[in-house]
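Report on one structure; see the data block that follows.
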Amino acid sequence: MVYDVCIVGAGMVGSAAAKWLCKLQRETKVCLIGPQEPTEKEWEDGRREVFASHYDEGRVTRELDADYTWVLLGQRSIESYREIEQESGIKFYHEVGCALIDTKGNQQMQKYKETAGKLGVRHEIFNFQSFQGKFPYLRVNRDSECVWTAKNAGHISPRKLVAAQQKIASSLGCHVIHEVVTSITDVTSQDGETVVRVLFENGREIFAKRVLLCTGAFTNFHSILPGDRKIDLNLRRSFVVKAELSEQDAIKMLDMPSIFNTNKNCYVLPPIKYPDGKYYVKLGLWFSFENKFSDLQGAAEWFRSHGKNFDASEAINKLRELIPGIRPISLTTDCCISSVTPTGQLYCDMLTSRLGVLIGMNGKGAKSSDEIGRMGANMISKGSWNYDLNQDLFKVQYRKNSPKSLLTGKL
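Residues in the sequence shown are numbered from 19 upward in steps of one, following the numbering used here.
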């Protein structure tokens, strides 16, 4: 069988794209390819090389952003959350609100306010005193200002969102294949038609008329791009600390929102109950340090480390500053990789007439993944741009030593 579309990468974006393809074109033969979450043995034995960033129970979701496009993608995705939950029977969204904190008068803060006003994001502005009054167990700098959104904001479980999207896609006929793709090439079928050959790590192969890569940080590491091209992606380490709380202490912070504290370069999630039955408050650092992973081994080692070899003192100190009364039972670390583009926008583009990419989420993809998946599904189903935003925003950029385009060529 030759699939109409094969989606490589079964994370939040790829799973959403698979669902939307099945919804948009009910007769389309679709497959979604990507490994399952690693078992404890796979984490330990060192052989697994491809990972994803959705192995977790908490991500901030919000409409607010300094960039118009990201606000719009967030709004459209958040509007679909309850429908996804209802259709799949899997709950992943918790509307606890979001507080964006920065220094009063900061230029970035002004941008947040402007985009919120232009796109109708319902919000309130809190100064230091009013914020402390609303959340007495939290502490922020006296020169801080907060943009508070109570609706269409909070946190999602990326793990459960992926499960929900894949459950819907499967119910609509999508084949979910738990394998790692190592090679993508053009071949001629028995009918004389040019199709795409997708080779798995175990030697198995499938064929498709078109392929959409949702491969994130691992896009440049296997032979899945045409020719010698490499896409311009800056791979940045993301590091988190999870503080385990007693159930009693977690209940005391039931009204805690998700927090983006941009002047401290971190985000914090309220107490969330994890699969082990324990409650954790999670603090993440973003882009305060970076490392351009040059090879597959380096990226895989970072995932496998769970951040245990990284100095966690900065994250722990920031957590205690924000929540002075926190009493952790234990502290654990974790990590992932953010794929950052030079434009600040994601890449959604056709590399050839049969191969498209949907990558480069800039650390903002989780909350907006459903709409991003719809964008990619529209494009790959047609083989060209098919969305109501300007295509130029999302065009792929290549590393300087890579050819600019082979749109009409073969893989």
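Yeah, the Cβ is synthetic: ideal placement off N, Cα and C, and Gly gets one too. The model shown is predicted, which means the values in this text are computed figures rather than measured ones.
Inter-stretch contact at 8 Å, needing at least 3 Cβ pairs: the region 127 to 141 / the region 68 to 86: With the cut-off at 8 Å, the region 127 to 141 and the region 68 to 86 touch.
Neighbour-count burial assignment, R177, 16 or more Cβ in a 10 Å radius: It counts as buried.
Assigned secondary structure, N281 (DSSP; H/G/I helix, E/B strand, else coil): DSSP places N281 in helix when its eight states are reduced to three.
Chain-order list of residues whose beta-carbon lies under 6 Å from that of W88 (same chain, five-residue window excluded): These residues qualify, in order along the chain: K382.
Proximity winner among R417, M368 and K385, relative to Q409 (alpha-carbon distances): The shortest C-alpha to C-alpha distance from Q409 to any of R417, M368 and K385 is the one to M368.
Proximal residues to A223 (C-beta, below 8 Å), its chain only, five neighbours per side dropped: The sequence given here places Glu at residue 223; Ala does not occur at that position. The answer, listed in chain order, is R215, V216 and L217.
Whole-Å CB distance - P275 paired with C116, under 8 Å assumed: The beta-carbon separation of P275 and C116, rounded to 6 Å, stays under the 8 Å limit for a contact.
Nearest candidate by alpha-carbon position, reference E58, set S323, R392 and C49: Selected option, being the one with the closest Cα: S323.
Whole-angstrom distance between K109 and I174, CA atom to CA atom: Taking C-alpha positions only, I174 is separated from K109 by approximately 9 Å.
Length-filtered (4 minimum) alpha helix (DSSP H) runs lying within the region 279 to 366: Segments of the alpha helix (DSSP H) lying fully in the region 279 to 366: 314 to 323 and 331 to 340.
Proximity to S201 [Cα-Cα], best of G374, H240, T351 and C284: Considering only alpha carbons, the answer is H240.
Helix, strand or coil at S33 according to DSSP, with G and I counted as helix: Reduced to three states, the DSSP call for S33 is helix.
F72, buried or exposed, once every other Cβ within 10 Å from all chains shown has been counted against 16: Looking at the sequence itself, residue 72 is His, so the reference to Phe does not match. Answer is buried; the Cβ neighbour count reaches 16.
Of the listed residues K248, C284 and T133, nearest to A235 (C-alpha basis): Cα-wise, what sits closest to A235 is K248.
Sequence-distant residues of the same chain with beta carbon closer than 6 Å to L303, five excluded per side: If we look at L303 and ignore the five residues flanking it on each side, its Cβ neighbours are F257, C284 and A333.
Unbroken beta strand (DSSP E) run spanning G394, endpoints: In the DSSP annotation of this structure, G394 is not part of any beta strand (DSSP E); the continuous alpha helix (DSSP H) holding it starts and ends at G383 to K400.
Other residues of its chain near S106: CB distance less than 6 Å, five sequence neighbours each side excluded: Cβ within range, chain order: A182, K185 and I186.
Which listed residue (T361, E389, Y21 and Y86) has its alpha carbon closest to that of N380: The closest CA to that of N380, considering only T361, E389, Y21 and Y86, is found on T361.
Reduced DSSP secondary structure (H/G/I, E/B, other) of F218: In the structure shown, the three-state DSSP call for F218 is strand.
Contact the region 116 to 130 vs the region 165 to 173: 3+ CB pairs below 8 Å: Contact holds: three or more Cβ-Cβ distances are below 8 Å.
Beta-carbon proximity of K169 to V23, cut-off 9 Å: Not closer than 9 Å, so no.
The region 251 to 271 / the region 325 to 341 touching (three or more Cβ pairs under 8 Å): Yes, they touch.
Status (buried if at least 16 other CB within 10 Å, exposed otherwise) for K310: K310 is exposed by the Cβ-count criterion.
Same chain, Cβ closer than 6 Å to R66, five either side skipped, listed in chain order: If we look at R66 and ignore the five residues flanking it on each side, its Cβ neighbours are P56 and E60.
C-alpha gap between C40 and G191, whole angstroms: Their Cα atoms are separated by approximately 7 Å.
Buried or exposed (CB count within 10 angstroms, at least 16 for buried), E132: Burial call: exposed.
Cβ separation of S357 and L253, assumed to be a contact under 8 Å, to the nearest whole Å: Right, the Cβ-Cβ distance comes to about 6 Å (below 8 Å), so this counts as a contact.
L373: first and last residue of the uninterrupted beta strand (DSSP E) it sits in: Counted as a single uninterrupted DSSP element, the beta strand (DSSP E) harbouring L373 occupies residues L373 to I377.
Coil, strand or helix - L179 by DSSP: Correct three-state label for L179: helix.
Check whether L179 and A384 have beta carbons under 9 Å apart: Cβ distance < 9 Å, so L179 and A384 count as in contact.
Inter-residue Cα distance where the pair is Q43 and T370: Between Q43 and T370, the C-alpha separation is close to 22 Å.
Opening and closing residue of the beta strand (DSSP E) in which K270 lies: Counted as a single uninterrupted DSSP element, the stretch harbouring K270 is not any beta strand (DSSP E) but the alpha helix (DSSP H) occupying residues E265 to K270.
Residue span of the beta strand (DSSP E) that contains I202, given as start and end: Per DSSP, the unbroken beta strand (DSSP E) holding I202 starts and ends at V199 to T206.
Local Cβ density within 10 Å of P244, reported as buried at 16 or more and exposed below that: Around the beta carbon of P244, 16 or more other beta carbons lie within 10 angstroms, which makes this residue buried.
Beta-carbon gap between D329 and A34 smaller than 9 Å: No, they are not a contact pair.
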